[in-house]
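Residue 106 in the UniProt record's numbering is what sits at position 106 of the sequence shown, and the numbering runs on without skipping anything.
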Amino acid sequence: MRLAPVTEDNYRAVIGLEVHEDQRTFVATNLKSIADAWVHRPKLQPLALYHGEDLVGFTLLERDSPDVLHIARFMIDRRAQGRGLGRKGLAAIAELARAEGRSELALGVVPANAVARGLYAAFGFTETGEVDGGELVMRHRLAPSAHLAGDL
Ligand SMILES: CC(C)(COP(=O)(O)OP(=O)(O)OC[C@H]1O[C@@H](n2cnc3c(N)ncnc32)[C@H](O)[C@@H]1OP(=O)(O)O)[C@@H](O)C(=O)NCCC(=O)NCCS
1 MRLAPVTEDN YRAVIGLEVH EDQRTFVATN LKSIADAWVH RPKLQPLALY HGEDLVGFTL
61 LERDSPDVLH IARFMIDRRA QGRGLGRKGL AAIAELARAE GRSELALGVV PANAVARGLY
121 AAFGFTETGE VDGGELVMRH RLAPSAHLAG DL
């Protein structure tokens with residue numbers, strides 16, 4: 001899985017990615033996320049997720065402290081879900097965080113989002129008990145190497 005900038009060439013396709021109807025309360029639209037990123041640049045970074053040549057998802061990353069990479073948005077297009085790409089996308093984000101010398105990933109998840117909570121827990125995130133804007137805060141300490149079990 002490759003993380004790539006949102007550019008003049010792919011932004012329309014990124015906006016065209018969509019989640020299932022019953023997932024719409026779990027994540028903002030990519031259009032909104034790109035607007036958020038523009039307003040809050042460079043703190044927010046929008047990235048397209050490619051599997052081979054295929055655009056399959058999107059993430060919005062937030063950097064407000066040196067140690068933590070905050071995953072503000074994360075989605076896999078409905079047509080590409082259920083094939084392990086969510087997990088691969090998280091691994092790519094973890095690798096980027098490590099390359100930047102960060103020691104932790106953090107995110108917030110809507111309590112009713114059982115699939116995402118399960119995915120994050122399986123990846124190594126733990127629920128901290130913090131609630132932010134109605135979302136459960138989850139954190140994942142990063143091992144220094146990308147080659148440790150769990151992220152492959
Ligand atoms: C959460 C999301 C990113 C997962 O993406 P994905 O590519 O389907 O994830 P994966 O294929 O890697 O599957 C991850 C796990 O969830 C499970 N899963 C995936 N879709 C599922 C579904 N519809 N029902 C039950 N379990 C499901 C998989 O079985 C897998 O578990 P396993 O590793 O134990 O087999 C995707 O569902 C999504 O974009 N949801 C809408 C947006 C959203 O909620 N984003 C998160 C905001 S915090």
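Note that beta-carbon positions come from the ideal geometry of N, C-alpha and C, so glycine has one too.
Closest Cα partner of residue i within the set the options
i: residue 192; options: L49, N10, L105, A112; result: Since the first and last residues shown for the chain are 1 and 152, residue 192 lies out of range.
i: I15; options: A35, L142, T25; result: A35
i: D9; options: M1, R79, L90, L55; result: L55
i: A13; options: E62, Q23, L49, D22; result: L49
i: L96; options: N113, L69, H140; result: L69
i: A116; options: L136, A92, A99, R102; result: L136
i: R98; options: I71, R79, L119, P144; result: P144
i: L17; options: E53, V109, R79, P66; result: R79
i: W38; options: Q23, T7, D67, P66; result: T7
i: L44; options: E130, E62, G89, M138; result: E62
i: T29; options: M138, D132, G57; result: G57
i: E53; options: D22, G118, A112, M1; result: M1
Range of the contiguous beta strand (DSSP E) that encloses residue i
i: E62; result: 54 to 62
i: L3; result: 2 to 5
i: F74; result: 68 to 76
i: G129; result: 126 to 132
i: R79; result: From DSSP, R79 is part of no beta strand (DSSP E); its letter is neither H nor E.
Proximity test, residue i beta-carbon vs ligand 1 heavy atom, cut-off 8 Å
i: M1; result: no
i: I93; result: no
i: L55; result: no
i: A116; result: yes
i: F74; result: yes
i: L85; result: yes
i: K32; result: no
i: V109; result: yes
i: E27; result: The displayed chain sequence assigns Val, not Glu, to residue 27. V27 Cβ: within cutoff of ligand 1.
i: A106; result: no
i: A80; result: yes
Endpoints, the alpha helix (DSSP H) within which residue i is located
i: E100; result: Here E100 belongs to no alpha helix (DSSP H), and DSSP marks it neither H nor E.
i: D36; result: 30 to 39
i: E117; result: Note that residue 117 corresponds to Arg in the displayed sequence, not to Glu. Counting along the chain, the alpha helix (DSSP H) containing R117 begins and ends at 114 to 123.
i: A48; result: It is not in any alpha helix (DSSP H) - A48 instead sits in the beta strand (DSSP E) that spans 44 to 51.
i: V14; result: 11 to 16
Pair within 9 Å by beta-carbon distance, residue i and residue j
i: H51; j: L3; result: no
i: V19; j: D77; result: yes
i: L31; j: F74; result: no
i: residue 187; j: L60; result: Outside the displayed range of the chain (1 to 152) lies residue 187, so it cannot be described from this structure.
i: H140; j: A72; result: no
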